[in-house]
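In the working numbering, the protein residues as written are 4 to 74.
First the structure, in the form of structure tokens, and then the observations on it.
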Amino acid sequence: MQQADATPTPEGQLTESVSVVVQPGDTLWGIASALAPEGDPRALVDQLSDLAGGAQIQPGQQLVVPVHWLD
Numbered sequence: 004m005q006q007a008d009a010t011p012t013p014e015g016q017l018t019e020s021v022s023v024v025v026q027p028g029d030t031l032w033g034i035a036s037a038l039a040p041e042g043d044p045r046a047l048v049d050q051l052s053d054l055a056g057g058a059q060i061q062p063g064q065q066l067v068v069p070v071h072w073l074d
């Protein structure tokens, strides 16, 4: 489900990220809980929703999640 990457930002700095490919049956809550199992998933669910454009996620869709969201 996850792959760590380094993604250039507009300022040219590298930001670590985790790539998540949505699988059949995945939910934003499930993805958030898997990415940050120790924390409260509500804020991450909101961020993932924004990342998905506010639309429902679809199997095969890739979400590139900045690692700092997982703190």
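In this text, a Cβ means the ideal position worked out from N, Cα and C, and glycines have one as well.
Handout entry: Own chain residues within Cβ distance below 8 Å of Gln65, not counting five before or after
Key = Ser22, Val23, Val24, Val25.
Exercise for the section: Whole angstroms is fine: what's the gap from Trp72's alpha carbon to Gln61's? Expected result: When rounded, the separation of the alpha-carbon atoms in Trp72 and Gln61 is 21 Å.
Practice task
Please name the residue in Arg45, Leu38, Leu31 whose C-alpha comes closest to that of Ser20.
Solution key: Checking every option, the nearest Cα to that of Ser20 belongs to Leu38.
Problem - Among Ala35, Gly56, Arg45, nearest to Val70 - alpha-carbon criterion - result: Sorting Ala35, Gly56, Arg45 by C-alpha distance to the C-alpha of Val70 places Ala35 at the top.
Handout entry: In chain order, each alpha helix (DSSP H) run of at least 4 residues that lies wholly inside the stretch 42-69
Key = Segments of the alpha helix (DSSP H) lying fully in the stretch 42-69: 45-54.
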